[in-house]
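Input: a single structure, listed below in structure tokens.
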Amino acid sequence: MEHRHLDINLISANGLRNVNRLHKMSVYAVVTINGDAQTEQKTRVDEHCGSNPVWKKCSMTFNVDDAAALVIRLVSDRRRHLFPDKDIGKVVVSIQELLASKEEFFVREVQLPDGQPQGTLILNFKIR
Numbered sequence: 001m002e003h004r005h006l007d008i009n010l011i012s013a014n015g016l017r018n019v020n021r022l023h024k025m026s027v028y029a030v031v032t033i034n035g036d037a038q039t040e041q042k043t044r045v046d047e048h049c050g051s052n053p054v055w056k057k058c059s060m061t062f063n064v065d066d067a068a069a070l071v072i073r074l075v076s077d078r079r080r081h082l083f084p085d086k087d088i089g090k091v092v093v094s095i096q097e098l099l100a101s102k103e104e105f106f107v108r109e110v111q112l113p114d115g116q117p118q119g120t121l122i123l124n125f126k127i128r
């Protein structure tokens, strides 16, 4: 199996469901390879854009093989309100799908915990 370097830049998400009842969401993303906690990297928390978080220059690099999948969980940071963080949804993209993509920007629907689509995630990537 061939190992590659995957460079991703999480840009933004749009149209996310607000999982906070009383406050505007502060959103961050948790990125792993195949859900493995040892590969976990996080974006900064966007405290200003609510359901449409923007990270722009949030670059991450992973070592991957062709059978791997990129797992991106979107999370509402609720600690400052004394609540535990809450999952908003996730995006799962296979490395094979990224290899087949000819686009500079990759847009994918965010799946809610119940599997329904809600909003989109935008990233760009380079595999080397």
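Residue numbers (the UniProt record's numbering): 1 to 128.
Glycine included, C-beta positions come from ideal geometry on N, C-alpha and C.
Contact check, residue i vs residue j, beta carbons under 8 Å
| i | j | result |
| --- | --- | --- |
| Phe105 | Asp7 | no |
| Val110 | Leu74 | yes |
| Val54 | Ser26 | no |
| Arg78 | Val93 | no |
Residues near residue i by beta carbon distance below 8 Å, same chain, minus five either side
| i | result |
| --- | --- |
| Asn52 | Ser12, Ala13, Asn14, Gly15 and Leu16 |
Rounded Cβ spacing between residue i and residue j (contact assumed at less than 8 Å)
| i | j | result |
| --- | --- | --- |
| Leu123 | Leu10 | 5 Å |
| Ser76 | Asp65 | Not quite, the Cβ-Cβ distance comes to about 32 Å (not below 8 Å), so this is no contact. |
| Cys58 | Thr43 | 4 Å |
| Ala29 | Ile95 | Rounded, the Cβ-Cβ distance is 18 Å, inconsistent with contact. |
Close-in-space but distant-in-sequence residues of the same chain around residue i (CB under 7 Å, 5 per side omitted)
| i | result |
| --- | --- |
| Leu112 | Arg17, Gly89 and Gln118 |
| Lys24 | Gly50 |
| Glu47 | Ser26 |
| Phe62 | Leu6, Ile33 and Thr39 |
Residues near residue i by beta carbon distance below 6 Å, same chain, minus five either side
| i | result |
| --- | --- |
| Gln41 | Val31 and Met60 |
| Val19 | Ser76, Lys86 and Ile88 |
Per DSSP, the bridge partner or partners of residue i
| i | result |
| --- | --- |
| Asn9 | Ser59 and Asn124 |
| Val110 | Paired residues: none, contrary to the question. |
Which runs of the beta strand (DSSP E) fall wholly inside the stretch 61 to 100 and span at least 3 residues, in chain order?
-> Counting only runs of at least 3 residues, the stretch 61 to 100 fully encloses the following beta strand (DSSP E) elements, listed from N- to C-terminal order: 69 to 76 and 86 to 94.
Enumerate, from N- to C-terminal direction, the unbroken beta strand (DSSP E) stretches of 3 or more residues contained entirely within the stretch 15 to 48.
-> Counting only runs of 3 or more residues that sit fully inside the stretch 15 to 48, the beta strand (DSSP E) segments are 27 to 33, in chain order.
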